[in-house]
Amino acid sequence: MGLTLSRLPLIANLAGYRAGWLRSDVSAGLAIAAVGLPSAIAYPAIAGLPPETGLYASITPLIAYALVGPSQRLIVGPDAATMTVLAAVLATVYAVPGVAEDRVAVAALLALAVGALCLIARAVRLGVLATFLSRPILIGFFAGISLSILIGQIDRVTGIDIEADGLVAPILELIAKAAAIHWPSLALAAASFALLQAARIMQSPIPGPVLVVALSVLVSALFDFEGHGIAVVGDIPDGLPSLTLPSITGLPFQSLLLGAGAIFLVSFGSGIIAARSFGAKGGYLVDPNRELEGFGAANIAAGLFGTFPITASDSRTAVNFTVGGRTQVASIVAAAALMAVLMFFGDVLRILPIPTLGAVLVATALSLIDVAALKEIWRISRMEFLFAIIAMLGPISFGVLEGVVTAIAATLVYILRKTMFPRDALLGRLAGRDGFYKLHRNQAARPVPGLAIFMVQGSLLFFNTDYVRERLRAVIDALPANTRWFVMDASAIAQIDISAAAMLEEVHDDLGKRGIALAIAELHFEAREILERAGVIAKIGTGMIFEDLDDALDAFEKGGTTRAAQ
Numbered sequence: 021m022g023l024t025l026s027r028l029p030l031i032a033n034l035a036g037y038r039a040g041w042l043r044s045d046v047s048a049g050l051a052i053a054a055v056g057l058p059s060a061i062a063y064p065a066i067a068g069l070p071p072e073t074g075l076y077a078s079i080t081p082l083i084a085y086a087l088v089g090p091s092q093r094l095i096v097g098p099d100a101a102t103m104t105v106l107a108a109v110l111a112t113v114y115a116v117p118g119v120a121e122d123r124v125a126v127a128a129l130l131a132l133a134v135g136a137l138c139l140i141a142r143a144v145r146l147g148v149l150a151t152f153l154s155r156p157i158l159i160g161f162f163a164g165i166s167l168s169i170l171i172g173q174i175d176r177v178t179g180i181d182i183e184a185d186g187l188v189a190p191i192l193e194l195i196a197k198a199a200a201i202h203w204p205s206l207a208l209a210a211a212s213f214a215l216l217q218a219a220r221i222m223q224s225p226i227p228g229p230v231l232v233v234a235l236s237v238l239v240s241a242l243f244d245f246e247g248h249g250i251a252v253v254g255d256i257p258d259g260l261p262s263l264t265l266p267s268i269t270g271l272p273f274q275s276l277l278l279g280a281g282a283i284f285l286v287s288f289g290s291g292i293i294a295a296r297s298f299g300a301k302g303g304y305l306v307d308p309n310r311e312l313e314g315f316g317a318a319n320i321a322a323g324l325f326g327t328f329p330i331t332a333s334d335s336r337t338a339v340n341f342t343v344g345g346r347t348q349v350a351s352i353v354a355a356a357a358l359m360a361v362l363m364f365f366g367d368v369l370r371i372l373p374i375p376t377l378g379a380v381l382v383a384t385a386l387s388l389i390d391v392a393a394l395k396e397i398w399r400i401s402r403m404e405f406l407f408a409i410i411a412m413l414g415p416i417s418f419g420v421l422e423g424v425v426t427a428i429a430a431t432l433v434y435i436l437r438k439t440m441f442p443r444d445a446l447l448g449r450l451a452g453r454d455g456f457y458k459l460h461r462n463q464a465a466r467p468v469p470g471l472a473i474f475m476v477q478g479s480l481l482f483f484n485t486d487y488v489r490e491r492l493r494a495v496i497d498a499l500p501a502n503t504r505w506f507v508m509d510a511s512a513i514a515q516i517d518i519s520a521a522a523m524l525e526e527v528h529d530d531l532g533k534r535g536i537a538l539a540i541a542e543l544h545f546e547a548r549e550i551l552e553r554a555g556v557i558a559k560i561g562t563g564m565i566f567e568d569l570d571d572a573l574d575a576f577e578k579g580g581t582t583r584a585a586q
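For the sequence shown, our numbering assigns the number 21 to the initial residue and increments by one for each residue that follows.
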């Protein structure tokens with residue numbers, strides 16, 4: 021990238037920094053740290069990682085994004101959906117015989133790989149990937165992810181060791197082992213969850229997760245939860261994360277690379293949605309390619325300091341906006357506050373009850389199910405709702421990693437569905453008015469006698485040529501007997517391939533047998549090049565290729581007896 025120190029976004033932004041912003045940035049940074057602390061400790065459990073890795077993931081990536089990231093107010097950190105995909109990737113890696121590498125080291129290696137993919141994508145300007153997973157599919161996928169997270173909390177809130185995978189099997193196992201439920205753990209989890217919901221409904225000035233964690237630590241100290249069989253976090257290293265380079269020796273390279281690709285797609289997809297949402301709120305534009313730089317730097321920092329892949333954090337960014345953070349100085353303050361927690365409050369966090377963390381994750385998972393958005397999709401487009409449901413069922417039915425593939429496949433099917441059946445229309449004229457109008461939409465429009473004008477609203481490519489051919493045949497068969505010209509309005513045909521060129525040649529021949537001349541108007545340059553190379557233009561005749569429909573109409577009216585070009 022060739023960034024010098026003076027060209028780093030943070031340094032450039034600080035050039036215009038105002039002294040009055042410092043108070044807001046410090047307040048926002050402390051609030052970000054407070055809100056981020058519970059999730060930082062809870063999220064690693066999703067992937068079977070120790071709690072300190074969540075704190076590391078909330079420190080070094082935050083600093084890296086602050087230095088390199090383009091947004092002055094976006095906050096990065098652990099994300100529930102990314103963690104769930106990471107858990108599935110780790111399960112795949114450790115399913116390979118002979119893999120004995122430390123779980124944290126593999127997660128760090130995946131973070132490095134995700135960071136590298138971000139930078140590679142930036143270099144080739146693949147920020148367009150941000151729009152590859154449509155909003156309905158992401159909403160459905162996150163709903164499926166949330167159900168996976170909910171199932172994963174059964175053992176944490178009940179104290180039962182659940183061995184089954186999937187959605188239904190763990191519930192059946194829980195029912196079979198109901199006698200072994202540790203009721204104090206379940207009661208604590210239920211109370212924590214109720215307090216979280218109460219804080220949300222009452223709009224508590226103290227964020228619910230902060231309140232729940234603080235109270236549960238206090239009650240744990242007073243009543244010795246650990247001594248009563250309630251699981252606690254345990255010892256947390258009191259030092260800062262150290263710079264390390266994870267080894268790849270003995271690890272399945274293919275599984276790691278495919279897993280990193282899955283994490284990259286999900287984390288960047290969700291991250292850029294968060295970035296754009298808050299960009300709209302803050303009144304600034306978001307460049308997906310530049311965000312790839314920030315996400316890449318943040319993930320590389322995560323990998324080098326022994327933690328896992330991260331992305332933009334909705335909750336932390338929302339806090340930053342609410343409190344009034346102005347620049348990435350808020351991120352630096354938040355990172356410093358979490359460093360202080362690591363160095364001075366490890367003994368306090370040690371007695372944090374696991375059921376409370378389970379309750380935090382349950383609340384987080386439920387927040388990922390956007391019922392209102394699903395209802396809106398259902399109201400607007402039943403087809404897109406279907407794809408949202410397909411994306412939701414992927415993680416539930418096949419597993420999270422396979423669910424990523426299902427979501428991508430659903431996207432491809434959705435895109436193909438949109439382009440396989442392009443709309444079309446016959447055009448005509450309105451008395452006393454210029455231009456051409458769709459006959460089926462404007463009852464007053466009339467076809468020009470002897471002239472048929474047919475518009476195709478979409479590219480002509482190999483996968484839709486059969487459909488377009490059948491539509492053309494149906495339209496041609498229904499033409500009046502006095503039709504002498506058939507003009508294709510190509511203004512909406514952005515692309516034509518070899519298959520489509522062959523199809524148009526067949527249409528030309530079919531029309532010729534009926535004594536009807538084929539003309540094409542408003543043909544795009546790239547499409548014309550293909551037709552010229554395929555010999556279709558020569559067969560139609562260059563005199564039957566027009567700049568616009570008015571030129572075609574003038575030519576028809578001047579020489580309307582013209583027959584198909586020989």
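Note that beta-carbon positions come from the ideal geometry of N, C-alpha and C, so glycine has one too.
Runs of the beta strand (DSSP E) lying entirely within the segment 474 to 541, each at least 3 residues long, are 505 to 509, 537 to 541 in chain order. Distances from the CA of Lys533 to each of Glu552, Ala251, Thr503 were compared; the closest alpha carbon is that of Thr503. With respect to the C-alpha of Cys138, the residue from Val286, Met363, Val124 having the closest C-alpha is Val286. Leu377 is the residue among Asp497, Leu377, Gly366, Val188 whose C-alpha sits nearest the C-alpha of Ala65.
When secondary structure is reduced to three states using DSSP, Arg466 falls in the strand class.
Ile557 has its alpha-carbon roughly 13 angstroms from the corresponding atom of Met523. In the pairwise beta carbon analysis, the segment 488 to 504 is classified as not touching the segment 538 to 545: fewer than three pairs are separated by under 8 angstroms. When the Cα atoms are used, Glu577 and Val144 turn out to be separated by approximately 51 angstroms. When Cβ pairs closer than 8 angstroms are counted between the two stretches, the segment 199 to 214 is seen not to touch the segment 346 to 357, the count staying below three. The continuous beta strand (DSSP E) containing Ala445 extends over residues 443 to 448. Residue Leu471 holds the alpha-carbon nearest to the alpha-carbon of Leu569 among Ala200, Leu471, Asp530, Phe341.
When Tyr304, Ser205, Ala100, Arg93 are compared, the shortest CA-CA separation from Ile389 is found for Ala100. For Gln515 and Leu57, the gap between their C-alpha atoms comes out near 51 angstroms.
Between Phe298 and Thr331, the C-beta spacing is not below 8 angstroms. For Arg336, the enclosing alpha helix (DSSP H) begins and ends at 334 to 343.
Cα atoms of Thr342 and Pro467: separation of roughly 59 angstroms, rounded to the nearest angstrom.
Excluding five sequence positions before and after Pro266, the CB atoms of its chain that fall closer than 6 angstroms to its own CB belong to Ala125, Ala128, Leu129, given in chain order. Note that the C-beta distance between Thr439 and Asn484 is below 8 angstroms. Measuring C-alpha to C-alpha distances from Pro204 to each of Ile221, Gly179, Leu386 identifies Gly179 as the nearest. Distances from the alpha-carbon of Leu543 to those of Tyr487, Glu526, Ser479 put Ser479 closest. Exclusion of the five residues before and after Thr562 leaves no residue of its chain whose Cβ lies closer than 6 angstroms to its Cβ.
Contact between the segment 240 to 257 and the segment 82 to 97 is absent: fewer than 3 CB-CB pairs across the two stretches fall below 8 angstroms. Here Val527 has Leu492 as same chain residues with Cβ atoms under 6 angstroms from its own Cβ, once five neighbours each way along the sequence are excluded.
For Pro373, the pairing in a beta bridge is given by DSSP as Val252. Looking at the DSSP output, Gly97 bridges to Thr331. In this structure, the straight-line span from the alpha carbon of Gly423 to that of Ser59 is close to 24 angstroms. Non-local beta-carbon contacts of Ala141 in its own chain, meaning distances under 6 angstroms to residues more than five positions away in sequence, involve Leu312 in chain order. Taken in chain order, the complete beta strand (DSSP E) segments of 3 or more residues contained in the segment 187 to 250 number zero; there are none. Counting C-beta pairs closer than 8 angstroms gives fewer than three between the segment 150 to 170 and the segment 358 to 365, which falls short of the contact rule.
In the DSSP assignment, Gln274 falls within the alpha helix (DSSP H) that extends over 273 to 302. Between the segment 314 to 325 and the segment 78 to 86 there are three or more C-beta pairs closer than 8 angstroms, enough to call the two in contact. Residue ranges of uninterrupted beta strand (DSSP E) with 3 or more members, entirely inside the segment 391 to 459 and ordered along the chain, are 443 to 448. DSSP, reduced to helix, strand and coil, places Leu28 outside both helices and strands of the structure shown, so it counts as coil.
For Phe566, the three-state secondary structure derived from DSSP is strand. Linking Ala209 to Asp367 through their CA atoms gives a straight-line distance of about 22 angstroms. DSSP places Ala472 within a strand segment (E or B) once states are collapsed to three.
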